[in-house]
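Student: Under our numbering, the sequence shown is numbered contiguously, ending at residue 315. Provided herewith is a single structure, encoded as structure tokens, for subsequent inquiry.
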Amino acid sequence: MAVLVVAEHDNSSIRKSTLNAVAAAQKIGADIHILVAGHQAGGAAKAASQIAGIAKVLHADAPHLGEQLAENLAALIVALAKSYSHILAPATSTGKNIMPRAAALLDVQQISDICAVESPDTFIRPIYAGNALATVKSKDAIKVITVRTTAFDAVAPTGANAPTETVQAPADSGLSSFVGREVSKSERPELTSAKIIVSGGRGMGSGENFTKVLEPLADKLGAAMGASRAAVDAGFVPNDWQVGQTGKIVAPDLYIAVGISGAIQHLAGMKDSRVIVAINKDEEAPIFQIADYGLVGDLFQLVPQVVEELKK
């Protein structure tokens with residue numbers, strides 16, 4: 004039973020989310036191939052060949068694959084699909100863009116955001132914003148799956164030396180074109196892979212307070228910064244900071260929620276964190292129901308006090 008993992012990469016290196024998807028693939032079958040589709044992506048293909056558990060790398064290189072547009076990459080996946088029983092990708096914005104289109108072209112039902120593998124045809128996935136788990140059994144000959152990366156421990160990025168096979172990419176579909184990208188640069192860890200996250204909610208009051216109150220705490224802990232949807236919608240912080248069902252799913256070792264009430268939408272994105280600390284003036288806030296530690300009080304007083312204690 005051959006399993007294909009669609010790698011997420013930047014044409015030079017493999018992103019950590021791919022390692023989590025490979026871990027899920029290992030629970031399905033032993034013969035795991037990884038697809039690296041891009042332009043001038045030799046570095047990414049070489050990195051993929053070293054991932055523990057990989058038997059083969061499929062390397063497709065073409066200018067129209069450079070930005071991994073869904074229309075072109077889905078066509079490539081469909082062309083390769085007949086050799087595989089399962090096709091997996093991380094449930095990131097990229098995976099969520101590509102895989103539904105591939106599933107539709109293959110005329111199969113996508114299985115989204117799996118968090119466990121029961122058997123090669125049976126999977127567990129969260130529903131109702133993570134408040135319930137559904138066990139899904141698929142009879143499709145080819146199973147198209149996205150993987151909740153926080154539910155699987157990443158495999159080792161090195162330790163193998165898999166052979167690389169060059170595959171021909173289908174011609175440019177012409178259905179879409181890459182226009183541009185605005186990338187926010189930060190010296191902080193990437194939100195989805197950070198071990199510590201400091202998040203703020205509507206209670207922060209303004210974007211200036213994120214800078215003045217939360218950044219010193221994040222700096223002291225070497226943490227990534229996140230936010231609730233309410234804070235993002237209010238324009239306090241950029242959209243890529245959003246943690247939650249419609250944002251990023253995270254599971255750090257430590258999650259500090261400041262001024263976040265704990266709406267279901269937000270809890271769905273962070274409740275798998277190992278340790279949760281909540282700071283909120285409302286002692287009845289839902290966030291305290293899942294928090295391991297809670298501080299009730301004015302965040303504008305408590306957070307600076309925590310920073311001062313950390314300096315000692």
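Every residue gets a Cβ at the ideal spot worked out from N, C-alpha and C, and that includes glycine.
Might you give, ordered along the chain, the residues of its own chain that have their beta carbon closer than 8 Å to the beta carbon of Ser-16, omitting 5 neighbours on each side?
Tutor: The answer, listed in chain order, is Gly-46, Ala-47 and Ala-50.
Student: What separation, rounded to the nearest whole angstrom, lies between the Cα atoms of Ala-92 and Ala-266?
Tutor: For Ala-92 and Ala-266, the distance between alpha carbons rounds to 28 Å.
Student: Look at Val-299 and Lys-315 and say whether their C-beta atoms are less than 8 Å apart.
Tutor: The answer is no: Cβ separation not under 8 Å.
Student: Three or more beta-carbon pairs under 8 Å between the stretch 236 to 254 and the stretch 180 to 200, yes or no?
Tutor: Yes: the two stretches touch, three or more of their Cβ pairs being nearer than 8 Å.
Student: From the DSSP secondary-structure annotation, give me the bridge partner or partners of Phe-239.
Tutor: DSSP output for Phe-239 lists no bridge partner at all.
Student: Three-state secondary structure (DSSP) at Val-182?
Tutor: Val-182: coil per DSSP, three-state reduction.
Student: Could you compute how far the alpha carbon of Ala-58 sits from the alpha carbon of Val-8?
Tutor: Near 11 Å, if we compare the C-alpha coordinates of Val-8 and Ala-58.
Student: From which residue to which residue does the alpha helix (DSSP H) around Ala-119 run?
Tutor: Note, Ala-119: premise wrong, no alpha helix (DSSP H); beta strand (DSSP E) at 119 to 122.
Student: Quick check on the burial criterion: 16 or more other C-beta atoms within 10 angstroms. Buried or exposed for Gln-304?
Tutor: Flag for Gln-304 reads exposed.
Student: Could you check which residue in Ser-52, Val-158 and Val-216 has the C-alpha nearest to that of Ala-27?
Tutor: It is Val-158.
Student: Can you tell me the Cα-Cα spacing of Thr-167 and Val-235, whole angstroms?
Tutor: Computed Cα separation, rounded: 43 Å.
Student: Between the Cα of Ser-88 and those of Thr-95, Ala-33, Gly-56 and Ile-130, spot the shortest distance and give me the residue it belongs to.
Tutor: Closest option to Ser-88, Cα to Cα, is Ala-33.
Student: Quick one: complete alpha helix (DSSP H) runs, 4+ long, within the stretch 40 to 127?
Tutor: Within the stretch 40 to 127, the complete alpha helix (DSSP H) runs of at least 4 residues are 45 to 52, 73 to 83 and 96 to 109.
Student: State the Cα-Cα distance for the pair Asn-14 and Phe-181, rounded to the nearest angstrom.
Tutor: Approximately 16 Å, taken between the alpha carbons.
Student: May I ask you to report which of helix, strand or coil DSSP gives Val-246?
Tutor: DSSP places Val-246 in strand when its eight states are reduced to three.
Student: Report yes if the C-beta distance between Ala-237 and Arg-205 is below 8 Å; otherwise report no.
Tutor: Contact: yes.
Student: Considering only the alpha carbon of each residue, which of Ala-230, Leu-68, Lys-30 and Asp-275 lies closest to Ser-176?
Tutor: For the residues Ala-230, Leu-68, Lys-30 and Asp-275, the minimum Cα distance to Ser-176 belongs to Leu-68.
Student: Can you tell me the Cα-Cα spacing of Asp-295 and Leu-178, whole angstroms?
Tutor: Each residue's alpha carbon lies about 49 Å from the other.
Student: By the three-class DSSP mapping on this structure, what secondary structure does Ala-24 have?
Tutor: In the structure shown, Ala-24 sits in a helix (DSSP, three-state: H, G or I).
Student: Which class does Met-228 belong to by DSSP, given the choice of helix, strand or coil?
Tutor: Reduced to three states, the DSSP call for Met-228 is strand.
Student: Using 8 Å for Cβ pairs, my map puts Leu-217 next to Val-306. What's the rounded Cβ distance?
Tutor: The Cβ separation is near 7 Å, so the contact holds.
Student: Would DSSP call Gly-272 helix, strand or coil?
Tutor: Helix, per DSSP.
Student: In this structure, what does DSSP give as the bridge partners for Val-9?
Tutor: In DSSP, Val-9 forms a bridge with Leu-38.
Student: In this structure, how does DSSP classify Val-150 when only helix, strand and coil are distinguished?
Tutor: DSSP places Val-150 in strand when its eight states are reduced to three.
Student: Per DSSP, Ile-200 forms a beta bridge with which residues?
Tutor: Bridge partners of Ile-200: Ala-227 and Tyr-258.
Student: How about Val-81 and Leu-38: are their beta carbons less than 8 Å apart?
Tutor: Cβ distance not < 8 Å, so Val-81 and Leu-38 don't count as in contact.
Student: Got a sec? Which residues, its chain only, sit under 8 Å from Gln-43 by beta carbon, not counting five neighbours each side?
Tutor: Closer than 8 Å at Cβ, skipping near neighbours: Asn-14, Asp-64 and Gly-69.
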